[in-house]
Amino acid sequence: MASSFRCFLVLYFLLLSLYFTQISRAEEDIVEEGILYIDGFSSIAKIDEDFICATLDWWPPSKCDYGTCSWGNASLLNLDLSNKVFFNAIRAFSPLTIRLGGTLQDKLIYQTKYDRQPCTPFLHDDTELFKFTQGCLPLSRWDELNKFFKKTGAKVTFGLNTLNGKTIASDGRTALGGWDSSNAASLIRYTVSRGYTIHGWELGNELNGNGIGPAISADQYAYDVIALHKLLQDIYKGKDVVPLILAPGGIFDAIWFPKFINKASNSLQVVTHHIYSVGGGNDTNLVQKILEPSHLDEESKYLQNLQGVLRNSGTSAVAWVGESGGVYNSGRNLVSNSFVSSFWYLDQIGMSATFDTKTYCRQTLVGGNYGLLNTTTFHPNPDYYGALLWHRLMGRNVLSTHFQGMKKLRSYAHCSKSSEGIALMLINMHGSTTVNISLSVTLANTNESSMLLQVTNDQNPRHGIEREEYHLTAKDGNLHSQTVLLNGKELNVDHFGRIPLLKPIRVNPSDPISIAPLSIVFVHIPTIQVPACSMSTREYM
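Letter by letter, the sequence shown follows residues -26 to -1, 1 to 515 of mature numbering (1 follows the signal peptide of the UniProt record, and there is no 0).
Have a look at this one:
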């Protein structure tokens, strides 16, 4: 009797195991169909040619958050400029826009040729603003940085110290007085005398009241920008190109920003704002937030609001995301430097472009737990390869898209960057559903007629030209992996420190585009010719 009961239990658990195995397989094998509608008649926005940007910061090794010290030797003062991987990672973009700056820029002074005082680095001190003492940029280091950036072909913006000359009120939250530009003027004059090329000078970092620093009023900030404008007009007088002026590098505020822009519009070329929309580095729900479209959509209201402010002001200034790391306070290890980070990052750059953001700067290129590159080895983290694919494939003209299908599928379309056709970025945030996408492209103004190009299952002979696909997935399906697969193959630098080639797979254009669960796919389709991407349209990009 006991033996029969044991056999019954074994059989029961065996059948139960088989049942759940079948259920699991069924979940893994879910395939849904969807249609991506693309308006090819006209573009909705235009980005800069070099839209992808990354930051380099001043934080020293003693910068710690939540008990973790993640910056190593990534400061601009001690970064290893001889590292081959680092050089090649920048060079691969040809060019990469790099923003030099961050919190400590507003505690940084610049050595002059006549200084007799030692040029000291930042030191940790809890009693000081930002918990660090004043630091100093030696001219010898400025020379080294500029020579390095010239070799890599980088386009550099530099964040100036706008607290210089100001006093901090007793409340610790207000900065009073005008900007003392004398030290900045010395650095800028030295830069010009040495023939160094700076793409733009940015004034201040998160000092508009919503950041971590003391607040400067919108009126005073505008006066400071006007002073910088006058300074650059004087120093660059007779030069072929005057660098851009960027400001304020702060978190968007619907009251402060319009006041500032209206006062400074004649002196300002770029309005920079910062985004940290995922959460803090101590948040244990970061992955869930990253993979939740409704959470990612929350940032769209700020992008849209800034776009509206610029349009209504009549200014010629444009919007940049000057800094965005997703996870604030230096990121979180194995989240913001792993494959899962690509879902918020690539989605946000796609979203930003649709709101006419011209350039998007990732915090950081290297440093903290949110770098595109590993802080120790400089080897690329997964987000680096997504950024590089965007840079190479996605052109300036942004096309409107609407996806009819699963809610966790995100879609973005642009004119192709360097060849005919269009380029897509498709993001599947669902954990178990593959999405097969058919395309429907509008070729004419739908108010006048309804001309549609049904791309899949089309027998057009021109569609014999194959499309190119780049599928990004996590190694072993592990979202926390710091290794990414391109079309099933690991991406790794070689022993010479060279960035690997990013080779597509070629697919019959009549086949649906298949997006696996938790994957990101870039697609170049040369056969789709739309009015928004015609040569005459590109000339006015």
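Think of the CB as a built atom: it goes at the ideal place given N, C-alpha and C, for glycine as much as any other residue.
Task: Same chain, Cβ closer than 6 angstroms to Pro34, five either side skipped, listed in chain order - done: Taking the first residue of the sequence shown as position 1, residue 34 is located at position 60. Around Pro34: Ser49, Phe96.
Worksheet entry | Per-residue DSSP class, three states only, for Asp227 | Indexing the sequence shown from 1 puts residue 227 at position 253. Residue state, collapsed to three classes: coil.
What ranges does the alpha helix (DSSP H) occupy inside the stretch 92 to 131, keeping only unbroken runs of at least 4 residues that lie completely in it? 113 to 126
Q.
Give me the DSSP bridge partner(s) of Thr407.
A. The residue labelled residue 407 in the question sits at position 433 within the sequence shown. Its beta-bridge partners are Ile4.
Exercise. Does the stretch 245 to 265 come close enough to the stretch 200 to 219 that 3 or more CB-CB pairs lie under 8 angstroms?
Worked result: no
**Message:** Relative to the C-alpha of Lys58, which candidate in Ala448, Phe352, Arg366, Met399 has its C-alpha closest?
**Reply:** Within the sequence shown, residue 58 is the residue found at index 84, counting from 1. Comparing Cα-Cα distances from Lys58 to each of Ala448, Phe352, Arg366, Met399, the minimum goes to Phe352.
### Query
Gln378 by DSSP, collapsed to three states: which one?
Mapped onto the sequence shown, residue 378 falls at position 404. Correct three-state label for Gln378: strand.
Inter-residue CB distance, Phe234 and Leu280 (contact presumed, cutoff 8 angstroms): On the sequence shown, residue 234 is found 260 positions in, with the first residue counted as 1. On the sequence shown, residue 280 is found 306 positions in, with the first residue counted as 1. About 12 angstroms separates the two Cβ atoms, so there is no contact after all.
* Asked: Which residue or residues does DSSP assign as beta-bridge partners of Thr42?
  -> By one-based count along the sequence shown, residue 42 stands at place 68. In DSSP, Thr42 forms a bridge with Asp39.
Exercise for review: Report all residues from its chain with a CB closer than 8 angstroms to the CB of Phe15; omit the five preceding and five following residues, and keep chain order.
Suggested key: For the purposes of this step, residue 15 is taken as the residue at position 41 of the sequence shown. Excluding sequence neighbours, Phe15 sits near Thr416, Leu417, Ala418, Asn419, Thr420, Val504, Pro505, Ala506.
Beta-carbon within less than 6 angstroms of Ser310's beta-carbon, same chain only, minus the 5 sequence neighbours each way: which residues are those?
On the sequence shown, position 336 is the one that residue 310 refers to. Only Gly300, Val301, Asn343, Tyr344 meet the Cβ criterion.
Would you say the stretch 20 to 33 touches the stretch 64 to 81, given that touching needs at least three Cβ pairs under 8 angstroms?
yes
Test item: CB-CB of His365 and Gly296 under 8 angstroms:
The residue labelled residue 365 in the question sits at position 391 within the sequence shown. The residue labelled residue 296 in the question sits at position 322 within the sequence shown. Result no, Cβ atoms of His365 and Gly296 do not sit closer than 8 angstroms.
query: Counting Cβ pairs closer than 8 angstroms, one from the stretch 82 to 91 and one from the stretch 103 to 122, do we hit at least three?
result: yes
Exercise for review: Give the C-beta separation of Leu177 and Leu202 to the nearest angstrom, bearing in mind that I take them to be a contact with Cβ-Cβ under 8 angstroms.
Suggested key: Along the sequence shown, read from residue 1 onward, the residue named residue 177 stands at position 203. Along the sequence shown, read from residue 1 onward, the residue named residue 202 stands at position 228. Right, the Cβ-Cβ distance comes to about 5 angstroms (below 8 angstroms), so this counts as a contact.
Next item on the list: Under 8 angstroms by Cβ, that's how I've got Val331 and Ile18 pegged, so tell me the actual separation to the nearest angstrom.
Entry: Sequence index remark: in the sequence shown, residue 331 carries index 357 (1-based). Sequence index remark: in the sequence shown, residue 18 carries index 44 (1-based). Checking the displayed sequence, the identity of residue 331 turns out to be Thr instead of Val. Incorrect: roughly 12 angstroms between the Cβ atoms, too far for contact.
Checklist line | Buried or exposed by the 16-neighbour rule on C-beta atoms within 10 Å, applied to Lys121 | finding: For this step, residue 121 is matched to residue 147 along the sequence shown. Under this definition Lys121 is an exposed residue.
**Prompt:** Excluding the five sequence neighbours on either side, which residues of its own chain have a C-beta within less than 7 angstroms of the C-beta of Val481, listed in chain order?
**Reply:** In the sequence shown, the residue the question calls residue 481 occupies position 507. Contacts found: Glu440, Arg441, Glu443.
Same chain only: Cβ atoms within 7 angstroms of Gly151, ignoring 5 sequence neighbours per side: Start at 1 with the first residue of the sequence shown, and residue 151 comes out as number 177. Closer than 7 angstroms at Cβ, skipping near neighbours: Gly139, Lys140, Thr141.
DSSP has Tyr444 in a bridge; who is on the other side? Within the sequence shown, the letter at position 470 stands for residue 444. Tyr444 is bridged to Phe496.
Exercise for review: Give the secondary structure of Val166 by DSSP, where H, G and I count as helix, E and B as strand, and everything else as coil.
Suggested key: By one-based count along the sequence shown, residue 166 stands at place 192. Here Val166 sits in helix by DSSP.
(request) Identify whether Val174 lies in helix, strand or coil by the three-state DSSP scheme. (result) Mapped onto the sequence shown, residue 174 falls at position 200. With the sequence shown as reference, residue 174 is identified as Gly, and Val is not the correct amino acid for it. If DSSP states are grouped into helix, strand and coil, Gly174 belongs with the strands.
Unbroken beta strand (DSSP E) run spanning Ala293, endpoints
As a first step, residue 293 must be located in the sequence shown, where it is residue number 319. From DSSP, the beta strand (DSSP E) with Ala293 extends over 292 to 298.
task = Locate the beta strand (DSSP E) running through Arg366, then write down its first and last residues.
result = As a position in the sequence shown, residue 366 is number 392, starting the count at 1. It is not in any beta strand (DSSP E) - Arg366 instead sits in the alpha helix (DSSP H) that spans 356 to 367.
Practice prompt. Give the range of the beta strand (DSSP E) segment to which Val314 is assigned.
Written response: Numbered from 1 along the sequence shown, position 340 holds the residue referred to as residue 314. Note, Val314: premise wrong, no beta strand (DSSP E); not H, not E.
Could you tell me how far apart the beta carbons of His98 and Ser155 are, in whole angstroms, since I believe they sit closer than 8 angstroms?
By 1-based counting over the sequence shown, the position of residue 98 is 124. By 1-based counting over the sequence shown, the position of residue 155 is 181. The pair is not a contact, with the Cβ atoms about 29 angstroms apart (cut-off 8 angstroms).
inquiry  = Can you give me the C-alpha to C-alpha distance between Thr501 and Arg370, rounded to a whole angstrom?
reply    = Here residue 501 corresponds to residue number 527 of the sequence shown, with the count starting at 1. Here residue 370 corresponds to residue number 396 of the sequence shown, with the count starting at 1. Rounded to the nearest angstrom, the two C-alpha atoms are 18 angstroms apart.
| message | Between the alpha carbons of Lys105 and Asn307, how many angstroms are there, rounded? | response | Looking up residue 105 in the sequence shown gives position 131. Looking up residue 307 in the sequence shown gives position 333. If I take the Cα positions, the gap works out to 23 angstroms.
Alpha-carbon spacing of Thr447 relative to Lys381, whole angstroms
What you label residue 447 is simply residue 473 of the sequence shown in a count that begins at 1. What you label residue 381 is simply residue 407 of the sequence shown in a count that begins at 1. Their backbone Cα atoms lie some 20 angstroms apart in a straight line.
Extent of the continuous alpha helix (DSSP H) to which Leu205 belongs: On the sequence shown, position 231 is the one that residue 205 refers to. Unbroken alpha helix (DSSP H) run through Leu205: 192 to 209.
**Study point:** Assumed close pair Gly133, Asn179 - CB separation to whole angstroms, cut-off 8 angstroms
**Key:** In the sequence shown, the residue the question calls residue 133 occupies position 159. In the sequence shown, the residue the question calls residue 179 occupies position 205. Between Asn179 and Gly133 the Cβ distance is about 6 angstroms, and since that is below 8 angstroms, they are a contact.
When you compare each of Gly451, Val467, Arg472 to Ala490 by their alpha carbons, which one comes out closest? Counting from 1 along the sequence shown, the entry for residue 490 is found at position 516. Among Gly451, Val467, Arg472, the Cα nearest to that of Ala490 belongs to Gly451.
Next item on the list: Work out the CA separation of Arg65 and Ser167 for me, nearest whole Å.
Entry: Here the question's residue 167 lines up with position 193 in the sequence shown. Here the question's residue 65 lines up with position 91 in the sequence shown. The straight-line gap from Cα to Cα measures roughly 26 angstroms.
*asked:* Can you find the residues in the same chain that come closer than 6 angstroms, C-beta to C-beta, to Thr246, ignoring five residues on each side of it along the sequence?
replied: What you label residue 246 is simply residue 272 of the sequence shown in a count that begins at 1. Here the set comprises Leu220, Gly223, Trp294, Gly296.
Self-check item: Leu220 (DSSP reduced to helix, strand or coil)
Solution: For the purposes of this step, residue 220 is taken as residue 246 along the sequence shown, with counting starting at 1. DSSP places Leu220 in strand when its eight states are reduced to three.
- Query: To which residues of the same chain is Glu23 closer than 7 angstroms at the C-beta, ignoring the five residues directly before and after it?
  - Reply: One-based indexing of the sequence shown puts residue 23 at position 49. Contacts found: Arg370.
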